Amino acid sequence: MDPKTEHKWQERWAEEGIFEPGIDPGKRKYLITVPYPYANDSLHVGHGRTYSTADIVARFHRIMGENVLFPMAFHQSGTPILAFARRMASGDRDIRELYREHLKEYLGSAKEIENTLDSFTEPAAIADFFSNVIINDFKKLGFSIDWSRQFNTAEEIYQKFVTWQFHRLNDAGLIKKGSYPILFCNEEGNAVGEDDIRDGDVDKVSIEELTVVIFKGKSVSLAAASLRPETIYGTTNVWISPEGEYVKCSWNGASIVISRNALEKLSQQGISVDDPEPISARELVRHEFEVPLTGSRVKLFESTFVEPAFGTGIVYSVPGHSIWDFAALQESGVGLHPIKIIDVVSGSETVESLVESLKISGTRDKVKLEEATQIVYKSEFYQGKMNSLNGPYSGLTVTEAREKIRADLVRDGSAFSMYETSRPAQTRTGYPVIVAVMKDQWFIDYSAPWLKEKAHKLVEGMSFYPDQYKKSMHEVIDWLRERPCARKRGLGTRFPFDNQWVIESLSDSTIYPALYTCIVPIRKIHSKLGDVPPEIFDHIFLGKPLKDKHGCSGEIEEASRLFKYWYGVDIRITAIPHFSNHLAFYLMNHAALFPADRYPGAIAISGLVTSQGAKISKSKGNVVSLTKISGKYTADIYRLFMAVSADTSSVVDWNETDLASVRKKYDQFVNLVEEFHHPPEKRKGSFAQDWFEASFRQRLSSFKENMEKMRVRDGVVSVFFDVMNDLRKAEAMGADRNNLFSSILSEWLIAISCAIPHTAESLWQKHFPGMGLVSSAILGTEGVSEKDRELIESEAYLQGIIEDVREIGRVTGRTYSRLELRVSGAEHLAIAKAIISGKTETLSPSQRKVIGDFMKVRKNVRIHDFDEYTSLRQGKEILEKSLGLEVSISRSVPTQTDKNPWPGRPLIFLS
RNA sequence: GCGGAGGUAGCCGAGCCAGGUCAAAGGCGACAGACUCAAGAUCUGUUUCCGCAGGGAUACGCCGGUUCGAAUCCGGCCCUCCGCACCA
């Protein structure tokens, strides 16, 4: 198979429109979806896997006679495309160079590339370009996608749909407003996402909550920030930075000292600090301050490890439980001693033991200090108990004490909360990233009990592949809280209740599969009216009565019919990273908006793809783009590889060694089928022929069963590899290949067309000309008969005997010329049955003498449904052929005390 | 830490839910033989150890338990992977 031939078939499929189904009341409908890709880049072999799996499943359901719809669309909402366009517009040379290289895969001339790069200052141009790349890649892989229904999330029509959806969520009381901490850049006046932060993708920035504790002094108080308020009883002193700029300001009636950097953060977080005045904090050094709750007095000292830019630029020192404080104290030489206030399980690392084992030399040893801090934090936080020095908090666990002490400090007016980034961070343009609290953040309230209850019911009623994910989904639903659903920037749909906001990009992608069903007539409505009013969506999707048809009654009714016929989604296949976010929202929104008969039917999880043993990433240089696949390997090899190299949910590794072996098998298959000639007349069945046909029916039925249960690998293995092995076996048993083929070839090609459709089409055309396309053929329904099972069992019985004979030959190391087989008769059968059922008392005394002989071989005794003697007679030639021995068979030998034939285990004599 | 999944022969990977028919499917790799001048491809066989008649011993992360019987059930331990949110 070459890419050109593959292309030819793709064009045929498109011409005949066989993947663009309409309503067919005579067939069961099957709607299969995969989350749409984000159109900011081309896709690689990893992305292709989910779609490959989906296409194999789609094609399977098609050959099972179902009316299959496999649609797709493109995601353009959110910040990445926008950020990319901005960088291009800013004239960033690095990114231009990067994409110049990248575009060479898709565009021929340098001029074309430069023009395209120029156009990338517009987000829409980026999205369009990569959407087209993806479409082309997918077409070249032979995916049976209905392209007539594609759309993208930047289209007005999509945004009308999302707007409608948000109105309905609001009607259900699920849209809420509240305050929420986010990453923010004051200089740019923007919320910042991962892509806006320098190294944000490799070194994630998260938000941490600090407790700012007020240490009262004579004229001013110190506001010291801590991640661990529970350590307050271990305070020995307070630290400030000798290099920091500090200000005095008023908070809650008190005069407090904080770093200049903290001012802006606090105001962004809605904490009011007024009248800031510069103060020379050094003057306060060695002054005494009062520790809240404990009432003890501690002094202020300087240490360079304190970062003015972190928190308030002031920290209180707990050398008993903080490595930094311990190291700083040792350096300072002020002669204070650590106070131990937390007990940990014996054997756990402590501040002192870590300083020793890690050889920490001082506060400059930042990397080791960080590592040690993590270790101490974990063991104290999860196992620690407050000891008797903690006043009323003695005996509490660290977790409990933290909450209680924080609450008590806040109630007392001795503390407030502030947020801080988990590491110092800058935007790509170099401005600091801080945490701001948005007072009017919009949420979707996924915590609503009625919604959770509905969602649990929905989950209970659907299938998950693998099954264990059903349990996980129940847990995810329990865990969901309010989700911020709008942002101040990014592409997407305007938030309908507040124009300043844009709907966040996962929140706009929940029930959109509904749109696939009827996008065509809705487009018509939109082009007629220049709008799609919400009540039309209400009518189409929720069946609400519609008075004013806006002159589009035909289109509206068409859309309603389509939606009713196709929706819900029968299966949605997606990679695991979508599980606890996208899939959860997908299910929650369906539960919130649709009646139960429109709920999703199943979710299948597709595993990750690695490349040459490593996670696929640009930095590792192991990205293999989908564009190269069809040319370099052919679509069918890719598809077959994805199907058979691992179970749907487990990891597939893309590497040349495994690819080569799949290719080898594939070549074998093609050669076999190409050499086939229809025999002039079908020969009368031999044992081998009958067995092969029976076995094929069993392979086919196992294929169907596995595919139904989304075990694509097992399914394809049984219909591809196993049938080829059977074929070889049957030939070895003396059957004629063409004869074997002629009885199964058409069904075989139809089944195999799911995985390798192009190859199947070519072979189909060659051997069954004039019978249409294999892609639209339907598999027969014949199952496995009792007779088939007997044949299969009887062949396995023959194989067992062949193995036994071989083993004897191997062990004795001799060669033989004759094989005599003695099969058990009626008497042996009766004795065996009696022993097995424990009714030995029914046996005669002479019969009882053979029980010992039976027990020796009982492991191998099997009472078959077929007659062993007849089977051996039928298989005589096969035995002779495979063993190269002259074979004689006898039955009903009299019982003896030492050696008897038993059911399933004839006596073997070699000479 | 919490939640989830998992550790099976040289490798990948079934089996485990419903304990015996499991020395454990299938694939890859390796080895031997056939074919060939040769290589490749293909076919046949072998691939834990012992065994001159189809057998035995030891094995499914480690330790222990239940059972006549455990890869499969239970408990403990060790290790690996995934998710832990506003990010697509």
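For the first sequence, our numbering gives the first residue as 114, with consecutive numbering after it. Even glycine gets a Cβ: it sits at the ideal position worked out from N, Cα and C. Since the structure is predicted, the reported quantities are computational estimates derived from the model, not experimental observations.
| Asked | Found |
| --- | --- |
| DSSP on methionine 185, reduced to helix/strand/coil? | coil |
| Measure the C-alpha to C-alpha separation of lysine 879 and phenylalanine 789 and round it to an integer number of angstroms. | 10 Å |
| Can you name the start and end residues of the alpha helix (DSSP H) that tryptophan 861 belongs to? | 850-865 |
| For arginine 341, does the count of other Cβ atoms within 10 angstroms reach 16, so buried, or fall short, so exposed? | buried |
| Mind checking which residues open and close the alpha helix (DSSP H) that includes cysteine 598? | That residue, cysteine 598, is in no alpha helix (DSSP H); it is neither H nor E in DSSP. |
| How many angstroms separate the CA atom of methionine 823 from the CA atom of tyrosine 578? | 7 Å |
| Taking 6 Å as the limit between beta carbons, can you name the residues of its chain near glycine 475, skipping five residues before and five after? | Ala440 and Glu444 |
| For leucine 323, which residues does DSSP report across the bridge? | Met531 |
| Look at the alpha carbon of aspartate 438 and the alpha carbon of leucine 700, and state the distance between them as a whole number of angstroms. | 49 Å |
| With a threshold of 7 Å on Cβ separation, who are the neighbours of isoleucine 865 within its own chain once the five nearest residues in sequence on each side are excluded? | Val832, Phe833 and Ala873 |
| Assuming contact is defined by CB atoms lying nearer than 9 Å, are valine 988 and serine 859 in contact in what I supplied? | Correcting the residue type first, residue 988 is glycine in the shown sequence and not valine. Contact: no. |
| To the nearest whole angstrom, what separates the beta carbons of methionine 531 and glutamine 381, a pair I think is in contact under 8 Å? | No, methionine 531 and glutamine 381 are not in contact; Cβ-Cβ is about 10 Å, not under 8 Å. |
| Run through the DSSP bridge pairs and tell me what threonine 687 is partnered with. | Ile718 |
| In whole angstroms, give me the CA-to-CA distance for threonine 606 and aspartate 760. | 38 Å |
| When you compare the CB positions of tyrosine 582 and isoleucine 750, do they come within less than 9 Å of one another, or not? | no |
| Suppose contacts are defined by Cβ-Cβ distances below 9 Å. Is proline 690 in contact with histidine 703 by that definition? | no |
| For the beta strand (DSSP E) containing phenylalanine 556, name the first residue and the last one. | 547-558 |
| Using only the alpha-carbon positions, how far apart do isoleucine 270 and glycine 667 sit? | 18 Å |
| Let me check understanding here. Comparing Cα to Cα, which of Ser719, Ser372, Gly135 and Lys900 lies closest to alanine 807? | Lys900 |
| Go to asparagine 350, then tell me how far its beta strand (DSSP E) extends in each direction, as first and last residue. | 350-353 |
| Closer than 6 Å by C-beta to tyrosine 143: which residues in its own chain qualify, once you throw out the five before and the five after it? Chain order, please. | His174, Glu179, Val181 and Asp683 |
| Under the assumption that serine 719 contacts serine 758 (Cβ atoms under 8 Å), give the Cβ distance between them as a whole number of angstroms. | Not really, about 13 Å apart at Cβ, beyond 8 Å. |
| Mind checking which residues open and close the alpha helix (DSSP H) that includes serine 673? | 666-679 |
| Label glutamate 493 either buried or exposed according to how many other C-beta atoms from any shown protein chain fall within 10 Å of its C-beta, with 16 as the threshold for buried. | buried |
| Exposed or buried, which one is valine 1000 when buried takes at least 16 other CB atoms within 10 Å? | buried |
| Spell out a yes or no on whether the region 194-203 and the region 598-615 are touching, meaning 3 or more CB-CB pairs, one atom from each, closer than 8 Å. | yes |
| Beta-carbon within less than 6 Å of serine 232's beta-carbon, same chain only, minus the 5 sequence neighbours each way: which residues are those? | Ala238 |
| Give the straight-line distance between the Cα atoms of lysine 414 and serine 319, rounded to the nearest whole angstrom. | For the record, residue 414 in the displayed sequence is phenylalanine; it is not lysine. Distance between the alpha carbons of phenylalanine 414 and serine 319 is about 30 Å. |
| Between the beta-carbon of glycine 798 and the beta-carbon of isoleucine 991, is there less than 9 Å? | no |
| Identify, in the order they occur along the chain, each residue of the same chain with its Cβ nearer than 7 Å to the Cβ of leucine 813, setting aside the five sequence neighbours on each side. | Val832, Glu860 and Ala864 |
| Is it right to say phenylalanine 610 is buried, meaning 16 or more other beta carbons lie within 10 angstroms of its own, or is it exposed? | exposed |
| If distances are taken between C-alpha atoms only, which option among Gly656, Glu588, Val326 and Thr740 comes closest to leucine 696? | Glu588 |
| Can you tell me where the beta strand (DSSP E) with tyrosine 97 in it begins and where it stops? | The structure shown does not extend to residue 97, since the chain is modelled only from 114 to 1024, so the question has no answer here. |
| Nearest by alpha-carbon distance to asparagine 374: which of Gly366, Lys741, Asp803 and Glu356 is it? | Glu356 |
| Taking the alpha-carbon positions, what's the serine 354 to valine 722 distance? | 49 Å |
| Is the beta carbon of leucine 254 less than 9 Å from the beta carbon of alanine 748? | yes |
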